[in-house]
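See below for the structure under consideration.
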Amino acid sequence: MSKAQPLLVDLVTHTSYVPPHYIRPISDRPNLRDVQSSDASIPLIDLDGFDGPNRSKIIKEIGQACKADGFFQVKNHGISERLIEDILWVSREFFKLPESERMKNYSDDPSKTTRLSTSFNVKKEKVSNWRDFLRLHTYPLEDFIHDWPSNPTSFRRIVGDYSTNARGLVLRLLEAISESLGLEKDYIEKALSKQAQHMAINYYPRCPDPELTYGLPGHTDPNALTILLQDQVSGLQVLRNHKWVAVNPIPNTFVVNIGDQIQVLSNGCYKSVIHRAVVNNSVERISVPTFYCPSPDAVIAPARSLIDEQKPPMYRSFTYGEYYEKFWDWGLQTGCCLDMFRA
Ligand code: OGA
Ligand code: NI
143 MSKAQPLLVD LVTHTSYVPP HYIRPISDRP NLRDVQSSDA SIPLIDLDGF DGPNRSKIIK
203 EIGQACKADG FFQVKNHGIS ERLIEDILWV SREFFKLPES ERMKNYSDDP SKTTRLSTSF
263 NVKKEKVSNW RDFLRLHTYP LEDFIHDWPS NPTSFRRIVG DYSTNARGLV LRLLEAISES
323 LGLEKDYIEK ALSKQAQHMA INYYPRCPDP ELTYGLPGHT DPNALTILLQ DQVSGLQVLR
383 NHKWVAVNPI PNTFVVNIGD QIQVLSNGCY KSVIHRAVVN NSVERISVPT FYCPSPDAVI
443 APARSLIDEQ KPPMYRSFTY GEYYEKFWDW GLQTGCCLDM FRA
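Numbering (my numbering), first residue to last: 143 to 485.
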């Protein structure tokens, strides 16, 4: 095991100020007073009846949201309240375990399939982020589940169950997104080849001065599609028309966003939008993103039918493995990793 940077969850019990290596330069701070809090501006889509009478209406709503916002929320998604409560509970319990127990999973090597770490990529970044995270590969489940933490004792059962359900939701959304682009319903699923699914449990401790640092600075997600579960604490913000908009949690609702790979497959028609997580000085926050990804050897390129003389291919083709490596190396600097793959 490499020498660990201390986890925040341990650090904050000893500090009442923000340590210098977490402090952003003045030109790159959250400016929380300027954030808009208009929840209504992120579409909330009701998935009830997707496999029945409402399918075409829902596909249209999803298509519009992907084009205009890159982000939407879903309700009546088929994942039970009980399972949502359980996954949030077991996530909190994990971060309450004694340090020695949690640190069994520590690694700062992004290629590890199960790892606990802090910030974003401690090997590459200059300023640290106010976040600890446990990251897991979750599909195919049987390839990875035996590597996951076994404490709390229900961890593997709950996270396994949650991941399987989350995958079911993702596959339905990928169908809807494919159809909304005029593609075969299994187009995106096939383009991802032997798919991969990762999950993070993000833990953002309370922060003495939230104006000085980020939980996660502005970034786009490198994968194809992300389904985010948040607890009841606000912190996610989306960049829209050069302004940050808060996406405040709605119980039993997921936030869905287009990742870089669908922006490429859709030839730029659907947007992988910049978002960030900010912290607060009163309570800790948990979020659980599910990242649906191509397999590392999948070749990603704009869909043929979305290319014509008016719309030449915006991106060159590449393997997801190549993209993913660049993403971690690039370390969440401003802008979008996608710009390195323009045609
Ligand atoms: C992420 C992310 C937002 C949040 O993990 O990629 O954007 O609210 N998380 O935790
Ligand atoms: Ni993200």
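For each residue, glycine too, the CB sits at the ideal point set by N, CA and C.
Note down the Cα distance separating residue i from residue j, rounded to an integer number of angstroms.
i: P294; j: C435; result: 27 Å
i: H163; j: F237; result: 22 Å
i: I330; j: N365; result: 12 Å
i: L239; j: T280; result: 22 Å
i: S158; j: S261; result: 19 Å
i: Q211; j: S198; result: Residue 211 is actually Asp in this sequence, not Gln. When rounded, the distance between both Cα atoms is 19 Å.
i: R257; j: R244; result: 10 Å
i: P265; j: I442; result: Looking at the sequence provided, one finds Lys at residue 265 rather than Pro. The straight-line gap from Cα to Cα measures roughly 28 Å.
i: L189; j: E451; result: 36 Å
i: Y374; j: N344; result: Note that residue 374 corresponds to Gln in the displayed sequence, not to Tyr. Roughly 14 Å separates the two Cα atoms.
i: F192; j: A318; result: 9 Å
i: D251; j: W470; result: 10 Å
i: K413; j: I400; result: 6 Å
i: D351; j: E267; result: 21 Å
i: R171; j: G194; result: 47 Å
i: I300; j: I226; result: 10 Å
i: L334; j: T155; result: 43 Å
i: D289; j: N307; result: 20 Å
i: D152; j: E241; result: 7 Å
i: F275; j: T255; result: 13 Å
i: R314; j: C479; result: 27 Å
i: C208; j: P291; result: 35 Å
i: L283; j: L186; result: 30 Å
i: S459; j: K327; result: 22 Å
i: I392; j: R298; result: 26 Å
i: A485; j: D402; result: 15 Å
i: Y466; j: F433; result: 12 Å
Does the distance from the C-beta atom of residue i to that of residue j stay below 8 Å?
i: P431; j: T355; result: no
i: N422; j: P359; result: no
i: A342; j: R446; result: no
i: Q178; j: K385; result: yes
i: N409; j: L378; result: no
i: I229; j: Y346; result: no
i: T362; j: V415; result: yes
i: F214; j: I204; result: yes
i: V389; j: V397; result: yes
i: Q372; j: S424; result: no
i: R166; j: V269; result: yes
i: M482; j: K468; result: yes
To the nearest whole angstrom, what separates the beta carbons of residue i and residue j, a pair I think is in contact under 8 Å?
i: P444; j: L407; result: 7 Å
i: I201; j: S322; result: 5 Å
i: L150; j: R273; result: 7 Å
i: H417; j: L381; result: 7 Å
i: L370; j: H219; result: L370 to H219, Cβ: 12 Å. No contact.
i: K217; j: N394; result: 7 Å
Checking the sheet assignment: what are the DSSP bridge partners for residue i?
i: D188; result: K217
i: T260; result: D274
i: Y248; result: L258
i: A484; result: The residue asked about is misnamed: residue 484 is Arg in this sequence, not Ala. Answer is Y457, bridged to R484.
i: H163; result: None, per the DSSP bridge assignment.
i: T368; result: N399, F433
i: L358; result: A419
Task: Uninterrupted beta strand (DSSP E) stretches inside the region 370 to 458 (no shorter than 3 residues) - done: 378 to 382, 385 to 388, 396 to 400, 417 to 419, 427 to 435
TODO: Would you mind listing the beta strand (DSSP E) stretches within the region 269 to 346 that are 3+ residues and don't spill past its ends, in chain order?
DONE: 274 to 281, 338 to 346
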